[in-house]
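Quick note, the sequences are listed as chains A and B, same order. Going by the working numbering, the first sequence opens with residue 1124, and the numbers climb by one from there. Going by the working numbering, the second sequence opens with residue 1124, and the numbers climb by one from there. I have placed the structure first, in the form of structure tokens, so that the comments after it can refer back to it.
Protein chains: 2
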Amino acid sequence: MSLNLTILGCHSATPRVNAYPTSQYLEINNRHFLIDCGEGTQRQMRKYKVGFSKIDHIFISHLHGDHFYGLVGLLSTYGILSREKELHIYGPKGIKEVTLLQLNISQSHAKYKTVFHELSSNKSELIFEDDKVSVSTIPLNHRVYTNGYLFKEKEKPKKLHMGNISNYEEIGRADYLNIKAGKDITLSTGEIIPNDELTLPPKKALSFAFCSDTMYKPDIVPIIKDVDLLYHEATFLADREDLAKKTKHATSKQAAQIAKDANAKQLVVGHYSGRYKDISLFQKEAQEIFNNTELAVPGKNFKIDAE
Amino acid sequence: MSLNLTILGCHSATPRVNAYPTSQYLEINNRHFLIDCGEGTQRQMRKYKVGFSKIDHIFISHLHGDHFYGLVGLLSTYGILSREKELHIYGPKGIKEVTLLQLNISQSHAKYKTVFHELSSNKSELIFEDDKVSVSTIPLNHRVYTNGYLFKEKEKPKKLHMGNISNYEEIGRADYLNIKAGKDITLSTGEIIPNDELTLPPKKALSFAFCSDTMYKPDIVPIIKDVDLLYHEATFLADREDLAKKTKHATSKQAAQIAKDANAKQLVVGHYSGRYKDISLFQKEAQEIFNNTELAVPGKNFKIDAE
């Protein structure tokens, strides 16, 4: 399996002609998640061909407009598209009231049910889990209550080493489940074939961490340790660290420090302040600390195939 | 003076890559109004270079998402832009609660004051007036409480006929205000110079009517009689008059009939349903009844100079 992140919007504050507020689409182990939903997200979803009907779970980091003003429009569109499947929304306490008030006032009665999962804890918690992935919160520090989200593939079963298995006529299909589960096989001769000989290591379970908006918060490092792909906000460059601190945002240098300390494989920065005309400076600044840094750009894909 | 309408968005229902929900920017007699504010309106305002700070009055027709989901984002942007001037918002009862809840939840405290004018009457009423223009409601018939808006320039003062005035040495600057006010002038000889000789007729006071969303409602004709520019929704073509009736929308043919009956000078149709790929059919259908029909297209201007 693979992990595939598509940037839908990656600018801060206000929508402009070519600047879309935060939204990302994540495919991970055959699950499809939308993360944040600034104004214009549904337009960006259409532009980058994100299947509306694939998404059953939407994660909102915090209730600043540039991260959720596109949500009610998307829910409304699901109604117009005659969606029937349940839709799950995760976000700060209050998200249910503000969303339902808007939907109810328009008297648009959708066929589908929206299930709100309101968050208020300041500790990391598991908020979604199935047989393929798990999602946990990453408590962040911004001007309002904010969570990042850690998406992890479930550990995968061992793979059968067919080359070695074929050396033993006696081992057949009936044994495969036991082998995948890690068991040794005892032949009729009494000889024990160790599981390691019959299996290959499973593909690595991948992970993605979304951290926005937040000031530099080193205590998230243990939560996102060894993550394969880290999106961390970088609203400012280091020259405005004072402003970053005041507005509870991070600099690109600080994002890179988090990536380095967490031993992330790759860093993506975004949420650029409109004051910077040349966003390549964000990459340059981060790369002095963490070389494998990329810039978020609308439509850009970050795809990781498991080893 | 002149009237200048800019279409910002003109499609129905859901935003798509090249389809923006309803919003229009009207300059009339040096006043600047925003009419409806679907998702993405502020992006369109930037694209078509509408000065954010010029707008002090926003008119919302009804509380369906494609006509107001962009409002809260715009208000939020005004806060970020440090607006200090009062902003007036006119719309159906309920608009205040739904807007303030969203703004308050983000804990963004703007410096400017928003004044809500909530509407609930089913009769046409004057809702704004100054020395330049007046705005009245046009009660419409849609699935939820809806108003169109009639924007009218104030009658203008007579213009001085300088050519004729110069025939009378005795008439000077001190008389101009009286002449403009329609008074005759008595010379020292006792001769009375009639006002008509000293003045030219004033430029015509222009008017614009915005009618969306609504089913065919002929009783609006007296309200918009002789309007210079009429925007009337045309969600469907006549082949789907049944669907128009069911969803309380109009066909292009019906929009043209209203324009004809109201003796409008020009008709603009818009709010096209996404089912129609070729919007030129809306113009063709309307022109069979009302020839001077144009299509709403994002960025298109309709400018009328007074005769």
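Each residue gets a CB set at the ideal place from its N, CA and C atoms; glycine is no exception.
Item                                                                                                                                                                   : Value
State the start and end residues of the unbroken beta strand (DSSP E) segment that holds S1259 of chain B.                                                             : 1256-1262
Under DSSP, the beta strand (DSSP E) around Y1148 of chain B begins and ends at which residues?                                                                        : 1146-1151
State the Cα-Cα distance for the pair A1233 of chain B and E1293 of chain B, rounded to the nearest angstrom.                                                          : 58 Å
Relative to the alpha-carbon of K1348 of chain B, which residue among B:L1329, B:I1412, B:K1426 has its alpha-carbon at the smallest distance?                         : B:L1329
Excluding five sequence neighbours on each side, which residues of the same chain lie with their C-beta closer than 8 Å to the C-beta of G1188 of chain A?             : P1144, G1161, E1162
Is there at least one Cβ from chain B nearer than 7 Å to V1267 of chain A's Cβ?                                                                                        : yes
What does H1187 of chain B reach in chain A if we use C-beta pairs closer than 7 Å?                                                                                    : S1229
Would Q1147 of chain B count as contacting chain A if we go by Cβ distances under 7 Å?                                                                                 : no
Report the neighbours of S1247 of chain A on chain B: residues whose CB is nearer than 8 Å to its CB, in chain order.                                                  : Within 8 Å Cβ-Cβ: nothing; S1247 of chain A doesn't reach chain B, min ~24 Å.
Tell me, which residues are paired with S1403 of chain B by DSSP?                                                                                                      : None, per the DSSP bridge assignment.
Taking C-alpha atoms, which residue in A:I1302, A:A1419, A:K1177, A:H1185 lies nearest to P1324 of chain A?                                                            : A:I1302
With a threshold of 7 Å between beta carbons, is S1184 of chain A in contact with chain B?                                                                             : no
Checking the sheet assignment: what are the DSSP bridge partners for L1390 of chain A?                                                                                 : A:L1353, A:T1416
Taking I1070 of chain B as the reference, give the member of B:A1357, B:K1208, B:N1127, B:G1193 with the closest Cα.                                                   : Because chain B in this structure spans residues 1124 to 1430, residue 1070 of chain B falls outside the shown range and cannot be described.
Closer than 7 Å, Cβ to Cβ, to anything on chain B: give me those residues from the segment 1124-1142 of chain A, in chain order.                                       : A1136, T1137, P1138, R1139, V1140
Tell me which same chain residues have a C-beta within less than 7 Å of the C-beta of L1249 of chain A, skipping the five on either side of it?                        : S1257, S1259
Going by the CB atoms, is the gap between F1425 of chain A and L1352 of chain A shorter than 7 Å?                                                                      : yes
Can you tell me the Cα-Cα spacing of I1427 of chain B and Q1230 of chain B, whole angstroms?                                                                           : 43 Å
Report yes or no: is there a C-beta of chain A within less than 7 Å of the C-beta of E1162 of chain B?                                                                 : yes
Against chain A, which members of the segment 1337-1356 of chain B pass a CB distance test of less than 8 Å?                                                           : none
Report all residues from its chain with a CB closer than 7 Å to the CB of K1219 of chain A; omit the five preceding and five following residues, and keep chain order. : F1239, E1241
Residues in the same chain with beta-carbon distance under 7 Å from P1421 of chain A, minus the five sequence neighbours each way, listed in chain order, please.      : I1130, L1131, G1132, C1133, Y1143, Q1167
In angstroms with no decimal places, state the Cα-to-Cα distance between E1408 of chain B and E1252 of chain A.                                                        : 55 Å
Please classify N1153 of chain A: is it buried, with 16 or more other beta-carbons within 10 angstroms of its beta-carbon, or exposed?                                 : exposed
Taking the alpha helix (DSSP H) that D1298 of chain A falls in, what are its first and last residues?                                                                  : 1296-1303
Looking at C-alpha atoms only, which residue of B:I1346, B:A1387, B:Y1339, B:A1379 is the closest neighbour of T1370 of chain B?                                       : B:Y1339
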